[in-house]
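Undergrad: One structure, pasted below without further comment.
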Amino acid sequence: MPAFRQVGEKQLPQEVALMAWSPKRDLIALANRAGEVLLHRLANFQRVWSLPPNENTGKEVTALAWRPDGKILAFGLADTKRVILCDVEKPESLHSFSVDAPITYMHWMEVTEESSVLTSFYNAEDESNLLLPKLPALPKNYSTTAKIFSEEKSDEIMKLLGDVRLNALVLGGNSGFIEVYAYGMFKIATVTGVTGSCRGLCLSSDLKSLSVIAEMQNSSDGPLEMMYFQLDTSLLSTYLPEVTRMARKFTHISTLLQYIKLSLTCMCEAWEEILMQMDSRLTKFVQEKNTTTSVQDEFMQLLLWGKASPELQALLMNQLTVKGLKKLGQSIESSYSSIQKLVISHLQSGSEALLYHLSELKGMALWKQKYESLGLDAAGIEDAITAVGSFILKANELLQVIDSSMKNFKAFFRWLYVAMLRMSEDHVLPELNKMTQKDITFVADFLTEHFNEAPELYNRKGKYFNVERVGQYLKDEDDDLVSPPNTKGNQWFNFLKNSTHLKESPLLFPYYPQKSLHFVKRQMEGIIDQCLQKPADVIGKSVHQVICISLYKVSQSEESIPQLFKLPFLWNNKSSSTHYVLFTMAESSISKIYILRRHTDTSRSVNNGLLAVEFGTFLNNSINESSESRLDEQCDDISTRTVFLESQWRVLENMKAQYVAVNGIRKVSCVLSSNLRHVRVFEMDVEDDGEAEEEEEEETTQTGGGEHELNQSTDNQDNVCGDSAELTEETGELESNLDSGPDPCHWYKDKPVTCVILL
Numbered sequence: 046m047p048a049f050r051q052v053g054e055k056q057l058p059q060e061v062a063l064m065a066w067s068p069k070r071d072l073i074a075l076a077n078r079a080g081e082v083l084l085h086r087l088a089n090f091q092r093v094w095s096l097p098p099n100e101n102t103g104k105e106v107t108a109l110a111w112r113p114d115g116k117i118l119a120f121g122l123a124d125t126k127r128v129i130l131c132d133v134e135k136p137e138s139l140h141s142f143s144v145d146a147p148i149t150y151m152h153w154m155e156v157t158e159e160s161s162v163l164t165s166f167y168n169a170e171d172e173s174n175l176l177l178p179k180l181p182a183l184p185k186n187y188s189t190t191a192k193i194f195s196e197e198k199s200d201e202i203m204k205l206l207g208d209v210r211l212n213a214l215v216l217g218g219n220s221g222f223i224e225v226y227a228y229g230m231f232k233i234a235t236v237t238g239v240t241g242s243c244r245g246l247c248l249s250s251d252l253k254s255l256s257v258i259a260e261m262q263n264s265s266d267g268p269l270e271m272m273y274f275q276l277d278t279s280l281l282s283t284y285l286p287e288v289t290r291m292a293r294k295f296t297h298i299s300t301l302l303q304y305i306k307l308s309l310t311c312m313c314e315a316w317e318e319i320l321m322q323m324d325s326r327l328t329k330f331v332q333e334k335n336t337t338t339s340v341q342d343e344f345m346q347l348l349l350w351g352k353a354s355p356e357l358q359a360l361l362m363n364q365l366t367v368k369g370l371k372k373l374g375q376s377i378e379s380s381y382s383s384i385q386k387l388v389i390s391h392l393q394s395g396s397e398a399l400l401y402h403l404s405e406l407k408g409m410a411l412w413k414q415k416y417e418s419l420g421l422d423a424a425g426i427e428d429a430i431t432a433v434g435s436f437i438l439k440a441n442e443l444l445q446v447i448d449s450s451m452k453n454f455k456a457f458f459r460w461l462y463v464a465m466l467r468m469s470e471d472h473v474l475p476e477l478n479k480m481t482q483k484d485i486t487f488v489a490d491f492l493t494e495h496f497n498e499a500p501e502l503y504n505r506k507g508k509y510f511n512v513e514r515v516g517q518y519l520k521d522e523d524d525d526l527v528s529p530p531n532t533k534g535n536q537w538f539n540f541l542k543n544s545t546h547l548k549e550s551p552l553l554f555p556y557y558p559q560k561s562l563h564f565v566k567r568q569m570e571g572i573i574d575q576c577l578q579k580p581a582d583v584i585g586k587s588v589h590q591v592i593c594i595s596l597y598k599v600s601q602s603e604e605s606i607p608q609l610f611k612l613p614f615l616w617n618n619k620s621s622s623t624h625y626v627l628f629t630m631a632e633s634s635i636s637k638i639y640i641l642r643r644h645t646d647t648s649r650s651v652n653n654g655l656l657a658v659e660f661g662t663f664l665n666n667s668i669n670e671s672s673e674s675r676l677d678e679q680c681d682d683i684s685t686r687t688v689f690l691e692s693q694w695r696v697l698e699n700m701k702a703q704y705v706a707v708n709g710i711r712k713v714s715c716v717l718s719s720n721l722r723h724v725r726v727f728e729m730d731v732e733d734d735g736e737a738e739e740e741e742e743e744e745t746t747q748t749g750g751g752e753h754e755l756n757q758s759t760d761n762q763d764n765v766c767g768d769s770a771e772l773t774e775e776t777g778e779l780e781s782n783l784d785s786g787p788d789p790c791h792w793y794k795d796k797p798v799t800c801v802i803l804l
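Using our numbering, the first residue of the sequence shown is number 46, and each one after it goes up by one.
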């Protein structure tokens, strides 16, 4: 038979808290006690990447889950109550969101239900790819958080959505907290009705039911009780095509909101760069000058009289220099242009795409026959569309302010360049020497706007130079704008003011002239979140409890005993539509694994709903043993079957095992030692060419000896089958009694069994 062999061993610097194998690749994700998430390759347990903890994410990882296609890893953090989605290719957060309770368990499943409606939807191309331009990549030289949208060739939205087929991330926490997130991003259900702390979750692949293992304690000094809940989620199954389409829209909207947020972050950094560029040039001048006049007065005197004070002349000629002025002007102009480009290419593109998806969502909500049961509210979506329109108006207003500021900025630097050339007695080109009254006004406006000393501004950034006209729009505060745009004489505003009908018309987006862009953005996010929260509440209320079973009680002494496998263990068989719950009862028998089976359709039942598998060996069966003591030959209420593992175990040298992580699909396993730092990796289905013949000879000898003992035992027992043919027939009858479902020992139906027993 195939052997299993060790392929890797590693001593890790930190204690391992969690392990999870990738469902598609030979990769294993680890989370250690320091809050670091690591990805290792099977070969020699080589580290692929590590994601260190930080204050923004958190340091206490309590759950890991792979997306079914193995391209995204999700992990939950208890200290910050956040969930992070990470790309398997590089240690970067693609998406994150907050939850209301610390996560104790995660389960990421993929829907396998097929229908003609779904097939046509899967095969249809997303119209948004045809109608909307691709979102421009965010500049790489700004925020590190914008890296996920800085790849020119990658479409981050499609990477997060993955396949068209619906997949759902189910989160469980303390106090009965359970939430379901479509594509791991957007909440589609908030489940109530479960008490206790969640220890296991399994949403069936047909979306008909959710199995939950919860840990309860009735009193502070009482024993812990493990409970099994089955919840009816048939609404998701009934409206699967609608849920899939709605979930993809929700996920598009969530990603676009993140894109807009990161665009604003880049704008703030470009704006602060302008402040620091000028501050670094002016700080020394202000500190060393002996005059009591301000920087603004010094430049204004130069503008009016054409003569600079000795201090200002020293600053311009010795510190700034003509060459330095040209470089500074180019740098600040580049920052201004970056802000302008971010507004035009990123904010407006993202907002228009957001408007498109919300409009499509509104159209879905108006189809009440299909979407009303899922909680889509057309009125709420209309409010969200209005909020996006207000945000676009405010972005256009900022664009006008930037355009005005750039005119003043260019006029100022052109004037100052000519003034410095005259100070150095250099030749001034005739085209530069021309200066109209309009240019003088631009320079005066620039001095008035940008050289007001503001020590309290942004933690001393902009103490001697500020771009308050632009910066006030980027403040994340509730305060009104310091210098709102002047709308006097604007014909459109006068027309609206005098028209009572248009003033309150729903066709016009509300305009907030006194508020910043950040304020309008936060208001938009709040309205959209409120609008998209309703389906999660409606679907969550439709989920109801079908059955609640007490599995067993755990004493405090048993709770401290480490387990090699995380039991109870939940599993969903897709082909037979059956939930499996594997658990043990220490007070009953430590050699039995009990298997509880429930149909995913809560209206149907299964035969042999509770089974027991006893692990034993031939060595336990003596010649004088009575057949009545053989549990697998009795006709008790609980069907049992003995599993013999003599040739399938191996002693672990110099290692005391604590925990095992097994991947039955890839046929690999990882064993963690009791010190939580030492790991060994095994391939479970390998044949050594050099030892093949030797193993065959040993197996033949052992089989012959085993058959001789078995025949001798059979001759001395009347109630035991007389030959191997009858034994085979009995085994076949037993298997036929286990219903049409899979053998309870096979946790992966279409794959070879991978079973690890550590002694």
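The C-beta atom is built at its ideal place from N, Cα and C for all residues, glycine as well.
Can you check which of these residues, 383, 271, 445 and 361, is closest to residue 242 by C-alpha distance?
TA: Looking up residue 242 in the sequence shown gives position 197. It is 271 whose Cα lies nearest to the Cα of residue 242.
Undergrad: For the structure I just gave you, are there three or more beta carbon pairs, one from the stretch 64 to 77 and one from the stretch 710 to 717, closer than 8 Å?
TA: yes
Undergrad: What residue range does the beta strand (DSSP E) around residue 129 cover?
TA: The residue you call residue 129 lines up with position 84 of the sequence shown. From DSSP, the beta strand (DSSP E) with residue 129 extends over 127 to 132.
Undergrad: To the nearest angstrom, how far is it from the Cα of residue 542 to the Cα of residue 172?
TA: Residue 542 sits at position 497 when you count from the first residue of the sequence shown. Residue 172 sits at position 127 when you count from the first residue of the sequence shown. Taking the straight line joining both Cα atoms gives about 40 Å.
Undergrad: According to DSSP, which residues form a beta bridge with residue 805?
TA: The requested residue 805 does not occur in the structure, where the chain is confined to residues 46 to 804.
Undergrad: Could you name each continuous beta strand (DSSP E) segment of 3 residues or more that falls completely within the stretch 622 to 649, going from the start of the chain to the end?
TA: Taken in chain order, the complete beta strand (DSSP E) segments of 3 or more residues contained in the stretch 622 to 649 are 623 to 630 and 634 to 644.
Undergrad: Kindly confirm or deny that the stretch 572 to 591 and the stretch 416 to 432 touch, where touching means at least three C-beta pairs closer than 8 Å.
TA: yes
Undergrad: What distance in whole Å lies between the Cβ atoms of residue 219 and residue 149, which are believed to be in contact at a cut-off of 8 Å?
TA: The sequence position of residue 149 within the sequence shown is 104, counting from 1. The sequence position of residue 219 within the sequence shown is 174, counting from 1. Residue 149 to residue 219, Cβ: 6 Å. Contact.
Undergrad: Which value, in whole angstroms, describes the spacing of the CA atoms of residue 244 and residue 515?
TA: On the sequence shown, position 199 is the one that residue 244 refers to. On the sequence shown, position 470 is the one that residue 515 refers to. Straight-line Cα distance between these residues: approximately 51 Å.
Undergrad: Rounded to a whole number of angstroms, what is the C-alpha to C-alpha distance between residue 79 and residue 61?
TA: What you label residue 79 is simply residue 34 of the sequence shown in a count that begins at 1. What you label residue 61 is simply residue 16 of the sequence shown in a count that begins at 1. When rounded, the distance between both Cα atoms is 9 Å.
Undergrad: Ignore the nearest five residues each way along the sequence and tell me which others in residue 449's own chain have a CB closer than 7 Å to its CB.
TA: Here residue 449 is taken as the residue at index 404 of the sequence shown, counted from 1. If we look at residue 449 and ignore the five residues flanking it on each side, it has no Cβ neighbours.
Undergrad: Please report the distance separating the alpha-carbon of residue 297 from that of residue 399.
TA: Against the sequence shown, residue 297 aligns to sequence position 252. Against the sequence shown, residue 399 aligns to sequence position 354. Rounded to the nearest angstrom, the two C-alpha atoms are 8 Å apart.
Undergrad: For the stretch 482 to 495 against the stretch 375 to 390, do three or more pairs of beta-carbon atoms, one drawn from each stretch, fall closer than 8 Å, so that the two count as touching?
TA: Because the criterion of three Cβ pairs below 8 Å is not met, the stretch 482 to 495 and the stretch 375 to 390 do not touch.
Undergrad: Go ahead and label residue 350 buried or exposed: buried means 16 or more other beta carbons lie within 10 angstroms of its beta carbon, across all protein chains shown.
TA: Numbered from 1 along the sequence shown, position 305 holds the residue referred to as residue 350. Classification for residue 350: exposed.
Undergrad: Nearest by alpha-carbon distance to residue 308: which of 268, 129, 384 and 322 is it?
TA: On the sequence shown, position 263 is the one that residue 308 refers to. When each option's Cα is compared against that of residue 308, the closest is 384.
Undergrad: Going by DSSP in three states, residue 537 sits in which element: helix, strand or coil?
TA: Stepping through the sequence shown from its first residue, residue 537 is reached at position 492. Of the three classes helix, strand and coil, the one that applies to residue 537 here is helix, per DSSP.
Undergrad: Check the C-beta distance from residue 380 over to residue 315 and give it rounded, since I have them as a contact under 8 Å.
TA: If you number the sequence shown from 1, residue 380 lands on position 335. If you number the sequence shown from 1, residue 315 lands on position 270. At roughly 5 Å, the Cβ-Cβ gap stays under 8 Å, so residue 380 and residue 315 are in contact.
Undergrad: I need the DSSP call for residue 264, collapsed to helix, strand or coil.
TA: Taking the sequence shown and counting its residues from 1, one reaches residue 264 at position 219. Coil at residue 264, not helix or strand.
Undergrad: Among the candidates 299, 77 and 128, whose CA atom is the shortest distance from the CA of residue 101?
TA: Taking the sequence shown and counting its residues from 1, the one referred to as residue 101 is at position 56. Ranking the options by Cα distance to residue 101, first place goes to 128.
Undergrad: Round the Cβ separation of residue 154 and residue 213 to the nearest angstrom and send it over; I've been treating them as touching at under 8 Å.
TA: As a first step, residue 154 must be located in the sequence shown, where it is residue number 109. As a first step, residue 213 must be located in the sequence shown, where it is residue number 168. 6 Å between Cβ atoms; contact.
Undergrad: By Cβ distance below 6 Å, which residues in the same chain neighbour residue 221 in space, the five residues on each side in sequence not counted?
TA: On the sequence shown, position 176 is the one that residue 221 refers to. So the list reads 239 and 240, once near-sequence residues are dropped.
Undergrad: Per the DSSP calculation, residue 50 is bridged to which residue(s)?
TA: For this step, residue 50 is matched to residue 5 along the sequence shown. Per DSSP, 728.
Undergrad: Along the beta strand (DSSP E) that carries residue 151, what are the first and last residues, could you check?
TA: On the sequence shown, residue 151 is found 106 positions in, with the first residue counted as 1. Where residue 151 is concerned, the enclosing beta strand (DSSP E) stretches over 148 to 155.
Undergrad: Taking the C-alpha atoms as reference points, what is the distance between residue 344 and residue 317?
TA: Translated into the one-based positions of the sequence shown, residue 344 becomes position 299. Translated into the one-based positions of the sequence shown, residue 317 becomes position 272. Going from the Cα of residue 344 to the Cα of residue 317 covers about 23 Å.
Undergrad: The beta strand (DSSP E) with residue 83 in it runs from where to where?
TA: Indexing the sequence shown from 1 puts residue 83 at position 38. Residues 82 to 86.
Undergrad: Expressed to the nearest angstrom, what Euclidean distance is found between the alpha-carbon atoms of residue 439 and residue 567?
TA: Residue 439 sits at position 394 when you count from the first residue of the sequence shown. Residue 567 sits at position 522 when you count from the first residue of the sequence shown. Spanning the two alpha carbons is a distance of roughly 13 Å.
Undergrad: Rounded to whole angstroms, how far is the Cβ of residue 579 from the Cβ of residue 425, which I believe are closer than 8 Å?
TA: In the sequence shown, counting from the first residue as 1, residue 579 sits at position 534. In the sequence shown, counting from the first residue as 1, residue 425 sits at position 380. Between residue 579 and residue 425 a beta carbon distance of about 6 Å is seen, short of the 8 Å cut, so the two are scored as contacting.
Undergrad: May I ask which residues mark the beginning and end of the beta strand (DSSP E) holding residue 235?
TA: Walking along the sequence shown from the start, residue 235 turns up at place 190. Per DSSP, the unbroken beta strand (DSSP E) holding residue 235 starts and ends at 231 to 236.
Undergrad: Taking all protein chains shown into account, decide if residue 368 is buried (16 or more other Cβ within 10 angstroms of its Cβ) or exposed.
TA: Here the question's residue 368 lines up with position 323 in the sequence shown. With fewer than 16 other Cβ atoms within 10 Å, it is exposed.
Undergrad: DSSP three-state label for residue 697, please.
TA: Within the sequence shown, numbered from 1, the residue matching residue 697 stands at position 652. Residue 697: coil per DSSP, three-state reduction.
Undergrad: In whole angstroms, give me the CA-to-CA distance for residue 433 and residue 284.
TA: Locating residue 433 in the sequence shown gives position 388, counting from the first residue. Locating residue 284 in the sequence shown gives position 239, counting from the first residue. Near 29 Å, if we compare the C-alpha coordinates of residue 284 and residue 433.
Undergrad: Compute the beta-carbon to beta-carbon distance between residue 83 and residue 53, rounded to the nearest angstrom, for a pair I have assumed lies under 8 Å.
TA: For the purposes of this step, residue 83 is identified with residue 38 of the sequence shown, where counting begins at 1. For the purposes of this step, residue 53 is identified with residue 8 of the sequence shown, where counting begins at 1. In fact, because the Cβ distance is near 14 Å, the residues do not count as touching under 8 Å.
Undergrad: Between which two residues does the beta strand (DSSP E) containing residue 226 stretch?
TA: Working through the sequence shown from its first residue, we reach residue 226 at position 181. Segment 223 to 227, the beta strand (DSSP E) holding residue 226.
Undergrad: Measure from the alpha carbon of residue 564 to the alpha carbon of each residue in 587, 98 and 436, then state which is nearest.
TA: Position 519 of the sequence shown, counting from 1, holds the residue named residue 564. Nearest C-alpha to residue 564: 436.
Undergrad: Output the distance between the C-alpha atoms of residue 320 and residue 179, rounded to the nearest integer angstrom.
TA: Here residue 320 refers to the residue found at position 275 when the sequence shown is read from its first residue. Here residue 179 refers to the residue found at position 134 when the sequence shown is read from its first residue. About 32 Å.
Undergrad: Would you mind giving the Cβ-Cβ distance between residue 469 and residue 362, rounded to the nearest angstrom? I have them listed as a contact below 8 Å.
TA: In the sequence shown, counting from the first residue as 1, residue 469 sits at position 424. In the sequence shown, counting from the first residue as 1, residue 362 sits at position 317. Yes, residue 469 and residue 362 are in contact; Cβ-Cβ is about 7 Å, under 8 Å.
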